[in-house]
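Undergrad: Let me begin by handing over the structure; questions about it come next.
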């Protein structure tokens with residue numbers, strides 16, 4: 231098994247070097263062919279999915295997976311349509327590769343260009359959601375990265391079928407390299423993946439806290455993602471009661487299991503409509519908890535911890551202590567407090583008078599989303615295609631040597647061209 | 231000891247939140263005061279350095295450290311002047327924090343701003359070079375990060391003295407937080423640092439391959455750096471012999487122990503001046519090795535492996551197999567091969583007709599350098615102040631909720647403002 235995974239990783243590395251400078255035209259042709267292949271073969275995908283659902287039904291009855299896992303596993307016409315549209319949307323996005331980030335003259339005839347380029351090989355570990363495989367494969371292709379996918383085992387048949395269709399479509403594209411999109415299935419493969427830092431450049435785990443924490447603790451490959459989403463809203467003394475109620479209700483109830491749903495409400499002790507606010511939340515069937523077991527619980531449900539604080543500073547300190555650096559908001563009409571909050575709260579998203587649920591790549595206008603990162607390096611917050619890129623420096627001279635500059639015979643000009 | 235390090239790391243975290251939104255004016259005042267304090271107290275630094283040198287002399291005699299380590303440890307008037315000038319240069323650079331990377335209207339009244347911000351707490355592990363402590367402290371202050379420094383033990387007295395002067399200067403700056411720059415001394419502290427992912431956001435090891443590899447393998451904190459610099463130059467069939475000779479001599483001899491010095495020369499088999507090229511290198515006392523023990527040896531000396539290849543493609547494959555992704559060049563007058571080489575070689579720097587020794591933050595015009603990274607995420611190549619930053623998203627609305635967009639009652643405009 232070891233050898234097998236290393237072979238897969240090696241061939242992914244090779245593929246990554248081949249796709250690195252593939253033209254936008256070929257990459258977009260590949261994506262459009264995938265979309266067409268899905269349309270033409272959707273019955274085959276539904277059949278594979280039915281097999282997975284049959285097995286999953288038994289697991290639901292046994293209590294081994296939840297009904298919501300079952301629902302996420304299920305592909306219907308609507309999801310299929312969105313999945314196909316998603317591939318086409320990614321084809322229509324601007325190519326993130328080969329962008330000139332700057333062009334600088336270091337000296338006469340010595341030109342430095344910073345150009346965006348792919349990261350290399352991505353390892354993606356994701357939940358039993360078959361639509362993810364199409365989305366991630368498309369993002370990888372568009373950003374010229376090779377990818378090794380490991381999906382939730384409950385969606386094994388669907389994933390196999392989808393990848394077969396993707397690779398069949400890719401094979402028909404002239405000039406498109408082999409092994410750009412590959413898939414593995416076992417836990418042992420994941421263990422191998424985490425050790426494979428020679429060939430894999432970035433791991434993106436999607437799914438529960440425990441998975442993400444386990445992966446971060448067991449690899450020295452960079453990991454992009456978030457372990458938890460403990461989001462806060464601070465209702466300041468000067469908040470408008472209607473706005474506060476509306477925003478908190480949306481942040482808690484619009485999709486309670488999302489990572490950007492609010493988990494803790496902080497209320498200024500002098501906010502005179504606090505009772506009214508809490509009552510309005512209860513009216514929306516939000517369960518309020520004033521003495522939670524801990525201040526860093528991610529309920530993922532219509533439950534909300536709350537606490538009164540003495541000041542904006544105390545709210546900021548609470549958030550920086552117990553938060554997960556995901557998304558935190560303030561409701562206020564005091565612009566001084568707003569500015570302080572947004573500068574001092576150390577989170578990927580800091581919001582004024584808006585629901586935390588806006589933390590999302592599509593809502594931010596990125597066109598597609600790899601996931602949300604609470605990292606403090608590389609990419610933070612909702613991550614679009616740009617997060618799958620890095621850059622290289624191209625330097626062109628005509629025989630320039632460093633010794634001339636060290637001896638002072640020549641001098642750098644350092645002129646910005648672009 | 232454990233508790234001590236965690237206390238240091240906690241106070242660094244606290245300091246990082248306080249310095250995060252400090253004004254450019256205060257940060258620059260702090261840097262200028264450090265420069266003045268160095269000038270006023272340089273005799274004290276020289277005395278501390280003399281103590282270190284006295285101890286180091288014995289180590290040199292015992293053969294425990296090399297003469298070049300001793301030389302790097304030694305502070306003289308010239309190095310002191312450069313060190314002080316370095317602090318002032320960093321003060322004069324543009325503030326990398328608080329830059330608006332984009333401003334976007336998501337919808338009427340709902341404005342998303344991507345703003346550069348500090349990473350948090352940096353852990354820097356560096357060789358026995360006392361000038362580094364001043365440089366790194368200045369870079370950390372300018373980029374609003376807190377820093378924990380661990381220098382080579384041979385420079386202990388000098389480092390202590392320098393940090394005492396830095397912190398004394400910082401104390402005199404009104405509004406400048408405590409504990410932004412701290413120092414630790416023991417191996418045990420390093421072991422603790424590597425485990426301290428709750429408080430430390432980025433580790434930058436400077437020094438030998440083994441140190442960097444050890445650190446990468448023993449922490450789940452992101453690490454920025456390079457383990458080795460196996461740089462190549464490929465002399466194509468169409469190369470100009472004089473240019474080839476001049477560039478290779480510079481890349482090998484200008485500073486042979488630098489990470490951007492060339493280690494392997496690849497020569498196209500049909501380059502008809504190959505003998506002349508090799509002879510010219512030998513004239514410069516470069517020892518040529520045609521059958522090296524391995525193709526990934528970093529000599530750090532005037533020794534050069536060389537090999538004949540059949541094509542540019544073979545050169546590219548050799549580099550992508552044995553290189554370290556640092557800096558690799560081609561000497562050619564064939565623009566098609568040049569373009570292919572620069573697109574296909576997967577290194578942080580890809581050079582045409584220029585010496586690999588240009589791979590350096592100062593030569594690239596960054597004004598200061600944290601180090602050189604061969605990472606494929608966050609920062610690659612010579613890393614300036616920008617590599618010590620990340621970004622956050624600020625969203626301001628006036629009661630905007632997601633439910634309105636999900637229900638289709640409102641629609642995103644996604645207009646770019648800046």
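Protein chains in written order, with this note's numbering: chain E, 231 to 648; chain Y, 231 to 648.
Think of the CB as a built atom: it goes at the ideal place given N, C-alpha and C, for glycine as much as any other residue.
Predicted, not measured: the structure shown is a model, and the values here were computed from it.
(1) In chain E, which residues lie less than 8 Å from residue 593 of chain Y when you measure between Cβ atoms?
(2) Write down the C-beta distance between residue 453 of chain Y and residue 433 of chain Y rounded to the nearest angstrom, noting that I regard them as a contact closer than 8 Å.
(3) Check whether the segment 376-391 of chain Y and the segment 630-641 of chain E touch, using three or more Cβ-Cβ pairs below 8 Å as the test.
(4) Contact between the segment 591-599 of chain Y and the segment 329-347 of chain E is defined here as three or more beta-carbon pairs at a separation below 8 Å; is this criterion met?
(5) What is the residue span of the alpha helix (DSSP H) that residue 259 of chain Y lies within?
(6) Could you tell me whether the Cβ of residue 417 of chain E comes closer than 9 Å to any Cβ of chain Y?
(7) Please list the partners that residue 250 of chain E has in chain Y, where partner means a Cβ-to-Cβ separation under 9 Å.
(8) According to DSSP, what are the bridge partners of residue 582 of chain E?
(9) Leaving out five residues before and five after residue 326 of chain Y in sequence, what residues of the same chain have Cβ atoms less than 8 Å from its Cβ?
(10) Does the segment 494-509 of chain Y come close enough to the segment 538-552 of chain Y to have 3 or more Cβ pairs within less than 8 Å?
(11) If you draw a straight line from the C-alpha of residue 602 of chain E to the C-alpha of residue 554 of chain E, how long is it?
(12) Determine the extent of the alpha helix (DSSP H) in which residue 512 of chain E is found, giving its start and end residues.
(13) Following the continuous alpha helix (DSSP H) through residue 462 of chain E, name the residue where it begins and the one where it ends.
(14) On the criterion of 16 or more Cβ atoms from any shown chain inside 10 Å, does residue 528 of chain Y qualify as buried, or is it exposed?
(15) Going by C-alpha to C-alpha distance, which of E:470, E:534, E:513 sits closest to residue 563 of chain E?
(16) According to DSSP, simplified to helix, strand and coil, what is residue 477 of chain Y?
(17) Per the DSSP calculation, residue 575 of chain Y is bridged to which residue(s)?
(18) DSSP beta-bridge partners for residue 442 of chain E?
(19) Could you work out which residues of chain E lie near residue 247 of chain Y, taking near to mean beta carbons separated by less than 8 Å?
(20) Does any residue of chain E bring its CB to less than 9 Å from the CB of residue 232 of chain Y?
(21) Contact check, residue 279 of chain E vs residue 321 of chain E under 8 Å by CB: the rounded distance?
(22) For the segment 371-399 of chain Y, which residues have a CB atom closer than 8 Å to at least one CB atom of chain E, in sequence order?
(23) Using 10 angstroms around the beta-carbon of residue 518 of chain E, count the other beta-carbons present and answer buried if the total reaches 16, otherwise exposed.
(24) How many angstroms separate the CA atom of residue 368 of chain E from the CA atom of residue 472 of chain Y?
(25) Less than 9 Å separating the beta-carbons of residue 414 of chain Y and residue 235 of chain Y?
(26) Determine the DSSP secondary structure at residue 611 of chain E, reduced to helix, strand or coil.
(27) What in chain E is Cβ-close to residue 585 of chain Y, meaning under 7 Å?
(28) From residue 547 of chain E to residue 303 of chain Y, what does the alpha carbon distance come to, in whole angstroms?
(29) Any C-beta of chain Y sitting closer than 9 Å to the C-beta of residue 627 of chain E?
(30) Mind listing the chain E neighbours of residue 480 of chain Y? Cutoff is C-beta to C-beta under 8 Å, in chain order.
(31) Does residue 693 of chain E come within less than 9 Å of chain Y when only Cβ atoms are used?
(32) Going along the segment 340-366 of chain E in order, which residues come within less than 7 Å of chain Y, judged by CB to CB distance?
(33) DSSP state of residue 412 of chain Y, grouped into three classes?
TA: Taking the structure as given:
(1) Those within 8 Å of residue 593 of chain Y in chain E are 336, 632, 635, 642.
(2) Confirmed, Cβ separation roughly 5 Å.
(3) Because the criterion of three Cβ pairs below 8 Å is not met, the segment 376-391 of chain Y and the segment 630-641 of chain E do not touch.
(4) yes
(5) Where residue 259 of chain Y is concerned, the enclosing alpha helix (DSSP H) stretches over 254-270.
(6) No, because no Cβ of chain Y sits closer than 9 Å to the Cβ of residue 417 of chain E.
(7) Going along chain Y in sequence order, the residues near residue 250 of chain E (Cβ under 9 Å) are 573, 574, 576.
(8) E:560, Y:626
(9) 346, 372, 373, 615, 616, 618, 619
(10) yes
(11) 12 Å
(12) 504-513
(13) Looking at the DSSP string, residue 462 of chain E is not in any alpha helix (DSSP H); the run it does join, the beta strand (DSSP E), is 461-465.
(14) buried
(15) E:470
(16) helix
(17) For residue 575 of chain Y, which the question treats as bridged, DSSP gives no partner whatsoever.
(18) Under DSSP, no beta-bridge partner is assigned to residue 442 of chain E.
(19) 550, 574, 576
(20) The pLDDT assigned to residue 232 of chain Y is 48, lower than 50, so where the model puts this residue is not dependable; a value taken from the coordinates is nonetheless given after this. Residue 232 of chain Y does not count as touching chain E.
(21) That pair is no contact at about 24 Å.
(22) none
(23) exposed
(24) Spanning the two alpha carbons is a distance of roughly 48 Å.
(25) yes
(26) In this structure, residue 611 of chain E counts as strand in the three-state DSSP scheme.
(27) Near residue 585 of chain Y (Cβ distances below 7 Å), the residues of chain E are 630, 631, 632.
(28) Their Cα atoms are separated by approximately 42 Å.
(29) yes
(30) 631, 632, 633
(31) Lying outside 231 to 648, the shown extent of chain E, residue 693 of chain E is not represented and no answer is given.
(32) 340, 342, 349, 350
(33) strand
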